[in-house]
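Encoded as C-alpha cells, the structure appears first; notes follow it.
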Amino acid sequence: METKAPIPQAVLVGIQTPDIPDVAHEASLEELGRLVKTLGYEVVGTVSQKRDSTGAAALLGSGKLAELAALTGGTGVVSSMAPPSKSKARQRFEGAAETVDAVRPDPDAARKPEFVIVDHELSPSQIRNLERATGAEVLDRTGVIVEIFHRHANTREARLQVEMARLKYVAPRMRESSAGGGRQQGPGAGESTLDLDRRKIRDRISELKDQLEAVQRDGDQRRSARRDQLRVALVGYTNAGKSSLMRALTGSQVLVEDKLFATLDTTVRILQPETRPRVLISDTVGFIKQLPHDLVASFRSTLAEALEASLLLFVVDASDPTYEAQLEVSRSALREIGADVVPSRLVLNKLDLVDTAGRAALMDKHPDAIVLSAHAPEDVSALRDTIVAFFEASMVEDVLVLPYAKQGLIGEVYESARVLSEEHNETGRVLKVRGLPGAITRLRRSLAAH
Numbered sequence: 003m004e005t006k007a008p009i010p011q012a013v014l015v016g017i018q019t020p021d022i023p024d025v026a027h028e029a030s031l032e033e034l035g036r037l038v039k040t041l042g043y044e045v046v047g048t049v050s051q052k053r054d055s056t057g058a059a060a061l062l063g064s065g066k067l068a069e070l071a072a073l074t075g076g077t078g079v080v081s082s083m084a085p086p087s088k089s090k091a092r093q094r095f096e097g098a099a100e101t102v103d104a105v106r107p108d109p110d111a112a113r114k115p116e117f118v119i120v121d122h123e124l125s126p127s128q129i130r131n132l133e134r135a136t137g138a139e140v141l142d143r144t145g146v147i148v149e150i151f152h153r154h155a156n157t158r159e160a161r162l163q164v165e166m167a168r169l170k171y172v173a174p175r176m177r178e179s180s181a182g183g184g185r186q187q188g189p190g191a192g193e194s195t196l197d198l199d200r201r202k203i204r205d206r207i208s209e210l211k212d213q214l215e216a217v218q219r220d221g222d223q224r225r226s227a228r229r230d231q232l233r234v235a236l237v238g239y240t241n242a243g244k245s246s247l248m249r250a251l252t253g254s255q256v257l258v259e260d261k262l263f264a265t266l267d268t269t270v271r272i273l274q275p276e277t278r279p280r281v282l283i284s285d286t287v288g289f290i291k292q293l294p295h296d297l298v299a300s301f302r303s304t305l306a307e308a309l310e311a312s313l314l315l316f317v318v319d320a321s322d323p324t325y326e327a328q329l330e331v332s333r334s335a336l337r338e339i340g341a342d343v344v345p346s347r348l349v350l351n352k353l354d355l356v357d358t359a360g361r362a363a364l365m366d367k368h369p370d371a372i373v374l375s376a377h378a379p380e381d382v383s384a385l386r387d388t389i390v391a392f393f394e395a396s397m398v399e400d401v402l403v404l405p406y407a408k409q410g411l412i413g414e415v416y417e418s419a420r421v422l423s424e425e426h427n428e429t430g431r432v433l434k435v436r437g438l439p440g441a442i443t444r445l446r447r448s449l450a451a452h
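Below, the structure written as C-alpha cells:
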C-alpha cells in the first residue's frame, strides 16, 4: 500500500518596521499564511521581530535567527560557503562514513519544517544567508506568489505570462552549485555554468515575448469585436468575492474557491436576465499586496479588460479590517495601466459577515458605495438594476431604415441596440432603436456600406 507523501511544512517570518501598524503586520502575516496554504504547505510556526529596516544581511537579529534555526534544525549561524580543505584520504574516509549513515536514518528524529517563508522581498544574498543559518529552503513573498501563479495558470496566454515572470524572478537569484562552476568548452567557451544558464534564461524570455505578442494579437482582435458592447469589469483584491458575484450576476459556473488566486484567467459572461443590448461581465485576476511588478506587467490582457470596460466595479471584502488598504492596492495597480480614468463604483461585499454597527460605519464612510452580499439574491438583483441604469443613462434613441434588400443585417441591429418599435413601409423596415451612440453610429455605417 502506497503511503502519501507528507505535506511540506513551513515557518513564516515577518519583520515589523516602524511605519507598519500592528494590525497591518498581523494581517499581512495571516495573508501570507493563506498564500502558503494555497501553495499546499502547512504552517507550523511564526517568527516575528520589530526592526528598523529589512536590510540586515540575515534579515533577523542573532537571537531571533537562533529561535528560527531551533524550529528548522539549523545552526543559527551564517557559515561560509567555502568548504574546508581536506586531504584525499580524509575525503574518502568521510565519504564512506556518510554512506553508512545514509542507510541508517533515525526513526525517532522529530520532523523539521523544510521551508522558511518570509513576508518581504529578499535579496539573493539574504536568501543564501538564511538558508545557511536555518538549513531550510527559503522563499520570499514574491517567490510564493510567482509559484502559485505558475501552478494555477490554465490558458496558453496565462502560462506564457507566468513563465516569463518566473524566469525574471529566478535569474538574479541563481547561484553556482556547490560542485563549482567550471568553464565551458566549445560554443560559449569561457562562460561559467552560471553564465550559460543565465544566457539560456535570457534567450527563453525573448522567445516567450514573441509567442506572447502573437497570442495577444488574437486577444486584441476578440476584444475589438466586443468594442461597442456594454462591458463591466469586476476588479479588486484577491478573495474579495469577485467570482461569487460573477456567478450570481451571470448564472455561470465559474470556479468559486476560498483560496487566493483560485483562477488567473479572465472570464467573460453575459449579464442575466439578458438585456438588449446585452451586457458583458468580466472577472479579472485579483490583486494582492506586493504583487510582483513583472506579474502586473505580464497580465496585460487581463488588465486590458479593465482598461477597455465601460464600468469598473471595485469589489471589496467589507468584513476585512484592512479593506481600505486592499482597495488602495487595487486602485494603484489599475492606475499603473491608466485604467483610473474608467468610470467606477465601489462594491462593499460580504455584508452578511458584518455586524449592525459595522454596517452603519461603512455606510457613513462610503455613502455612495453599493453594499451587498453576493449570496443574497435581492442584493444581486439591485446591483443588476444599478448596472443597467448606468448604461441607460448614456443611451440615445434613433430611427434606422433597413431596406428590404439588406434584411441580413437585422440580427446585427438586434444584437447592438434595443428595438423599441418596428414598422414597414415601401422602403423597408423602419426601426426605432435605443443604444449607445457609438453602436448606433456603427450600425449606420454598416447600413450605408451594404
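Its first residue numbered 3, the sequence shown is counted upward by one per residue in this note's numbering. Note that the Cβ used here is the ideal one computed from N, Cα and C, for glycine as well.
Short of 6 Å from the beta carbon of Thr48, and not among the five residues preceding or following it, lie these beta carbons of its own chain, in chain order: Leu14. A direct Cα-to-Cα measurement between Phe289 and Asp296 gives close to 13 Å.
DSSP places Gln18 within a strand segment (E or B) once states are collapsed to three.
The segment 40-54 makes contact with the segment 134-154: 3 or more CB pairs, one atom from each, lie closer than 8 Å. As computed with DSSP, Arg233 is found in a beta bridge with Leu282.
Cβ-Cβ separation between Leu445 and Ser418: approximately 6 Å, consistent with a contact (criterion under 8 Å). With at least 16 other beta carbons inside 10 angstroms of its own, Tyr171 counts as buried. Look at Ala138 here: in three-state DSSP terms it is coil, with no helix or strand label. The DSSP-derived three-state label of Tyr239 is strand.
Between Gly78 and Ala135, the gap from beta carbon to beta carbon is short of 7 Å. Counted as a single uninterrupted DSSP element, the beta strand (DSSP E) harbouring Thr48 occupies residues 44-52. Straight across, the Cα-Cα distance linking Ala311 with Lys211 is about 25 Å. Runs of the beta strand (DSSP E) lying entirely within the segment 330-391, each at least 3 residues long, are 346-351 in chain order. Bridge pairing for Glu425: Val432 [DSSP]. By DSSP's assignment, Gly437 forms a beta bridge with Val398.
Residues of the same chain with a CB within less than 7 Å of the CB of Pro405, apart from the 5 flanking positions on each side, are Thr429, Gly430 in chain order. By DSSP's assignment, Thr277 forms no beta bridge with any residue.
Judged by DSSP secondary structure, Ile119 falls within the beta strand (DSSP E) whose first and last residues are 117-120.
For Gly16 and Ser50, the gap between their C-alpha atoms comes out near 5 Å. Distances from the alpha-carbon of Pro10 to those of Leu355, Lys114, Arg271 put Lys114 closest. Scanning Thr157, Ala160, Leu61 for the CA closest to the CA of Leu141 turns up Leu61. Just measuring C-alpha positions, the residue of Leu273, Met248, Ile272 sitting nearest Val287 is Met248.
Judged by DSSP secondary structure, Val270 falls outside any alpha helix (DSSP H) and instead within the beta strand (DSSP E) spanning 269-272. Rounded to the nearest angstrom, the Cβ distance from Asn351 to Val398 is 33 Å, too far for a contact under 8 Å. CA-CA distance, Asp121 to Arg333, rounds to 22 Å.
For Tyr416, same chain residues with a beta-carbon under 8 Å away, outside a window of 5 residues either side, are Arg278 in chain order. With contacts defined as CB atoms closer than 7 Å, Ser375 and Asp354 qualify as a contacting pair. In the DSSP assignment, Val317 falls within the unbroken beta strand (DSSP E) covering 313-319. Counting only residues of its own chain and dropping the five nearest sequence neighbours on each side, Leu124 has a CB closer than 6 Å to the CB of Asp142. For the set Asp285, Gln213, Ile272, the Cα lying nearest the Cα of Ser246 is the one of Asp285.
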